[in-house]
Amino acid sequence: MPERVKPPENPVEIVHDGTSVVAERGEPLAHALIAADRLPLARSAKLHRPRGPYCLRGGCDGCLARVDGEPNVMTCLRPAHGGERVETQNVLGTRGIDALRAADFLFPRGIDHHRLFAGIRGVSSIVQSFARRVAGLGTLPETTMAPTAATRREVDVLVVGGGASGLAALAELPVGAVLVDDGPSPGGRKRAIDPDRARDLVSKATARGAELWAETTAIALYREPERVDGRLHAVAIGPERATLFVARAVIVASGRHAPVLAFGENDLPGVYSAGAALALWRGGITLGRRLALIGDGAMEDAFCRAVAGSSDVMRVREVDVVRAVGRARVTGIAFRDGEREHRERVDAIVVGGPGSPATELAVQAGAEVEFDALSGYRLRADEDGRLGPGLYGAGSLIGSETPTASGAVTGVRVRRELGLAG
Ligand code: FES
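Listed below in structure tokens is the structure:
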């Protein structure tokens, strides 16, 4: 079972479904809920399967909840300040026993609500209203939310993503550049693998006067068709305002999505990406005494080193995994052992692997994606990371295995091409 390995230094109280939960001030709400063993946290749309946080970086739906009346909040990206009211949304019953879970048993092959009883008078409208009820993602806020302030900002360079490559790119850029990152604090995967190095990168990144905006998500990146100056437009949503950036150049350093491996019940609460598990550990939270780890790589090795002495980690080869075991959360793992299927009790399953590049924003702005049978989908970039006019990629997004160096190369190139101060 998850628990804190040390008490919070600056504790605040939040409330989850009426129960008081202690959080460390500033840590994501999802971290506090995991530490308090509040799994499952959510239910999937449509089939209402139990959900728990998986990626802890805003890339899955495992942590969605209603926070202070606002539906569909990614609690892994919302820092705890104290006093937050976190509620399970879209269930009939409780987060543990949701009557709408029956949909998962009644429709084992999924629900095709476009065709189910379609056209049958009387029945189709009942089915449609049922589909609407089970498929939703919460209800609208109780009160009308105040409009968010919006501003327009012209910048020389916008960097999207505050991992090692984005920070290294920003370190090459002077005043007039801005980096946006959706996490509560920048550093990305580097913050989990090597926190000291991540801190170092953050201080270097802002030494030349460039700005770093945390908790700010770039949701759109596009070229304004009417404009002929080639500038890119980016819409970024932060805690207090929305900003329309108009940039001479954009460096996308959005990294890679958390890996998703194909094994049975891979969506059970208690399955975590290796990055998420390591981030929790760095935040003083252990996932349990006995863990299964799938995959090899720098992140997975760093995780094993970090939790050695605290958790017993059983490494399982990806090809041997059959399924996660458990009803509403992981209680074990089933894997092939020669000809036989074997089961082990574990508190959590940690999933490693490279994941796929987070290409969405770059593609919106016109970058091209190609498929390679060995490495999967990847962006078409030149050797310095150029993806198109004024558009650049950096780090693992473009397949680099040395994100810091890749970010620095791209930052220098952009600075020179725009004629910015060296
Ligand atoms: S989106 Fe929050 S855990 Fe994945």
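Under this note's numbering, read the sequence shown as residues 3 to 424, first letter to last.
No residue lacks a Cβ here, since even glycine has one placed at the ideal position from N, Cα and C.
These numbers come from a predicted model, not from an experiment.
Excluding sequence positions up to five before and after L399, its CB lies within less than 8 Å of the CB of G163, S167, V254, A255, S256, G257, R258, P359, A360, T361, A364 and L381, all in the same chain and listed in chain order.
The alpha-carbon separation between L172 and D386 amounts to approximately 15 Å. In the three-state reduction of the DSSP assignment, I99 falls in the coil class, being assigned neither a helical nor a strand state. In the displayed model, P405 falls within a helix according to three-state DSSP. Going by beta carbons, R45 and V93 fall inside the 8 Å limit.
Of all C-beta pairs linking the region 233-245 to the region 199-211, fewer than three are shorter than 8 Å, placing the two stretches out of contact. Beta bridge pairing from DSSP links M76 with L66.
In the structure shown, S313 falls within a coil segment according to DSSP collapsed to helix, strand and coil. The secondary-structure analysis by DSSP pairs S275 across a beta bridge with V353. The beta carbon of A67 lies closer than 7 Å to those of L43, A44, V75, T77, V88, E89, T90 and Q91 in the same chain, with the five residues before and after it left out.
The beta-carbon separation of P73 and L139, rounded to 7 Å, stays under the 8 Å limit for a contact.
Look at the beta carbons and you see the region 334-343 not touching the region 186-202: under three pairs across the two are nearer than 8 Å.
If you draw a straight line from the Cα of V414 to the Cα of E174, it is about 6 Å long. L142 counts as exposed, since fewer than 16 other beta carbons sit within 10 angstroms of its beta carbon. Cα atoms of T218 and R342: separation of roughly 49 Å, rounded to the nearest angstrom. The region 315-330 and the region 279-299 touch, with three or more beta-carbon pairs separated by less than 8 Å. DSSP places E174 in no alpha helix (DSSP H); its state is neither H nor E. Between the alpha carbons of T245 and P391 lies a gap of roughly 22 Å. The alpha-carbon separation between L282 and H33 amounts to approximately 7 Å. A straight-line Cα-Cα distance of about 21 Å links Y224 and T150. Rounded to the nearest angstrom, the Cβ distance from T404 to V7 is 32 Å, too far for a contact under 8 Å. With contacts defined as CB atoms closer than 8 Å, A105 and L49 qualify as a contacting pair. Counting only residues of its own chain and dropping the five nearest sequence neighbours on each side, A101 has a CB closer than 7 Å to the CB of L94 and G95. If you check the C-beta of P186 against the ligand FES, you find no heavy atom less than 7 Å away. A direct Cα-to-Cα measurement between Y56 and P4 gives close to 14 Å.
In this structure, F247 sits near R155, with a CB-CB distance shorter than 8 Å. At a Cβ-Cβ threshold of 8 Å, V159 and V416 count as neighbours. At least one heavy atom of the ligand FES falls within 7 Å of the beta-carbon of P55.
Sorting P241, P261 and E267 by C-alpha distance to the C-alpha of R331 places E267 at the top.
Comparing C-alpha distances from R97 to each of R40, I122 and G60 shows the shortest one belongs to R40.
With a threshold of 7 Å, the Cβ atom of A194 does not count as near the ligand FES, since no heavy atom of the ligand is closer than that. Less than 8 Å divides the Cβ of A260 from the Cβ of G61. Apart from the 5 residues on each side of it in sequence, E144 sits with its Cβ closer than 6 Å to the Cβ of G71 in its chain, given in chain order.
The region 318-400 is shown to contain whole beta strand (DSSP E) runs of 3 or more residues at 323-327, 334-339, 342-347, 350-353, 371-374, 378-381, 388-390 and 393-395, in chain order.
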